[in-house]
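Read the structure below first, then the notes.
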Amino acid sequence: MSSPVLSVERLSRAFTSGRQRVSVLSGLTLSVFPGESLAVVGRSGSGKSTLLNLLCGLQVPDEGRITVMGESFDGIDNNDIDARWAELRRRSIGVVFQEANLMPALSLVDNVRLRANLAGRGAGGERGWLERLGVGAEADRYPDQVSGGQAQRAALAMVFAMSPALILADEPTGSLDRQTADEVADCLFAMQRDTGCALVLATHDTGLASRCDHLLDLSASTARGTG
Ligand SMILES: Nc1ncnc2c1ncn2[C@@H]1O[C@H](COP(=O)(O)OP(=O)(O)O)[C@@H](O)[C@H]1O
Ligand SMILES: [Mg+2]
Numbered sequence: 358m359s360s361p362v363l364s365v366e367r368l369s370r371a372f373t374s375g376r377q378r379v380s381v382l383s384g385l386t387l388s389v390f391p392g393e394s395l396a397v398v399g400r401s402g403s404g405k406s407t408l409l410n411l412l413c414g415l416q417v418p419d420e421g422r423i424t425v426m427g428e429s430f431d432g433i434d435n436n437d438i439d440a441r442w443a444e445l446r447r448r449s450i451g452v453v454f455q456e457a458n459l460m461p462a463l464s465l466v467d468n469v470r471l472r473a474n475l476a477g478r479g480a481g482g483e484r485g486w487l488e489r490l491g492v493g494a495e496a497d498r499y500p501d502q503v504s505g506g507q508a509q510r511a512a513l514a515m516v517f518a519m520s521p522a523l524i525l526a527d528e529p530t531g532s533l534d535r536q537t538a539d540e541v542a543d544c545l546f547a548m549q550r551d552t553g554c555a556l557v558l559a560t561h562d563t564g565l566a567s568r569c570d571h572l573l574d575l576s577a578s579t580a581r582g583t584g
């Protein structure tokens with residue numbers, strides 16, 4: 358059996374709201390193996406984005422341990438942890454948000470090239486990735502010259518071009534109409550199957566969630582005041 362790409366043990370995170378400490382995630386444990394997909398569902402405010410931010414080091418847990426590709430951060434100096442997470446995000450963790458975060462001054466193909474280069478991947482495959490994601494004809498256009506669905510396809514091309522071990526997608530189709538959302542989701546799942554990377558997908562769309570191998574529902578265990 359292969360090792361998990363991602364494992365989380367007893368992860369907890371709370372926020373202070375007024376004078377109350379509100380628990381968002383409490384004692385969460387999970388693993389995701391290569392080629393697997395996990396849907397994180399739950400109503401708005403249940404902690405989906407908080408979890409994804411923790412999984413790529415953009416937030417710090419109150420308690421618990423996160424291991425990505427065998428790397429955990431026990432006993433590491435705090436100053437080094439940020440640099441280790443930045444390196445993981447640069448090379449191994451592809452992050453997709455609701456809005457495509459493309460550089461406006463670069464064409465779609467140059468956006469993909471930049472992301473692949475940052476991840477240390479060889480040049481040359483950028484147009485192929487855009488073609489596989491269905492936006493090959495738009496490769497030389499700029500982000501403000503394409504539709505929201507085309508921009509999100511380009512954002513997926515950027516992520517796959519870096520050959521990540523893990524993709525974290527936070528409501529990646531949330532700003533798209535139903536048909537475009539389904540088409541973009543088809544691309545995401547097809548490419549995830551082809552490349553064998555692991556996927557953690559936060560969504561409030563139950564249809565989208567049901568396409569993943571596993572389901573984590575945060576609604577059941579959230580927003581408890583802890584005093
Ligand atoms: N930086 C923060 N400071 C205070 N509260 C926060 C912060 N980030 C998130 N929260 C709270 O944590 C809860 C979960 O938020 P979030 O993870 O964005 O939920 P979701 O993505 O499921 O909609 C919400 O109640 C939100 O208000
Ligand atoms: Mg969210």
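First residue of the sequence shown? That's 358 in this note's numbering, and the numbers climb one at a time after it. Beta carbons are placed, not taken as given, at the ideal position from N, Cα and C, and that holds for glycine.
So ALA371 and LEU572 are in contact, right, with Cβ under 8 angstroms, and what is the actual spacing, rounded? 24 angstroms between Cβ atoms; not a contact.
Counting along the chain, where does the alpha helix (DSSP H) carrying THR552 start and finish? 535 to 552
Please report the straight-line C-alpha distance between SER369 and LEU363, rounded to a whole angstrom. 16 angstroms
Tell me which residues share the same chain as ASP527 and place their Cβ nearer than 6 angstroms to its Cβ, disregarding the 5 neighbours each side in the sequence. SER406, LEU409, PHE454 and ALA559
Which whole-angstrom value describes the C-beta separation of GLY421 and ARG446, a residue pair presumed to lie in contact below a C-beta threshold of 8 angstroms? So it is not a contact: roughly 19 angstroms between Cβ atoms.
Taking the alpha helix (DSSP H) that THR424 falls in, what are its first and last residues? Not the alpha helix (DSSP H): THR424 falls in the beta strand (DSSP E), residues 420 to 425.
Put SER360 into one of helix, strand or coil per three-state DSSP. coil
Residues near PRO500 in its chain [Cβ-Cβ closer than 6 angstroms; skip 5 each side]: LEU459, PRO461 and ALA508
SER567 in three-state terms, based on DSSP: coil
What's the call for ASN436, buried or exposed, on a 16-neighbour Cβ count within 10 Å? exposed
Heavy atom of ligand 2 within 7 angstroms of SER429 beta-carbon: no
Own chain, CB closer than 8 angstroms to VAL516, minus 5 neighbours either side, in chain order: GLY451, VAL452, VAL453, ARG472 and ILE524
Any residue with its C-beta under 5 angstroms from a non-hydrogen atom of ligand 1 counts. Can you list them all in chain order? PHE372, VAL381, SER401, GLY402, SER403, GLY404, LYS405, SER406 and THR407
Return the chain-ordered list of same chain residues with a C-beta closer than 8 angstroms to the C-beta of GLY584, the five sequence neighbours on each side being excluded. Here the model assigns GLY584 a pLDDT of 41, short of 50, so the residue's position is not dependable, and the following value carries that caveat. GLN377 and ARG378.
Assigned secondary structure, LEU387 (DSSP; H/G/I helix, E/B strand, else coil): strand
Comparing alpha-carbon positions, which option in LEU575, GLN549, SER576 and ALA577 lies nearest ARG568? GLN549
Backbone secondary structure at ASP434 - three-state DSSP: coil
Beta-carbon contacts of ALA457 that lie in its chain and below 6 angstroms, excluding the five residues immediately before and after: ALA508, GLN509 and ALA512
Between the alpha carbons of LEU490 and ASP562, how many angstroms are there, rounded? 22 angstroms
Where in the stretch 458 to 546 do unbroken runs of the beta strand (DSSP E), each at least 3 residues long, occur, reported from the N-terminal end onward? 523 to 527
Does any heavy atom of ligand 2 sit closer than 7 angstroms to the C-beta of ASP325? The structure shown does not extend to residue 325, since the chain spans only 358 to 584, so no value can be given for it.
Going by C-alpha distance, which of CYS554, ALA566, ALA577 and GLY505 is nearest GLU393? CYS554
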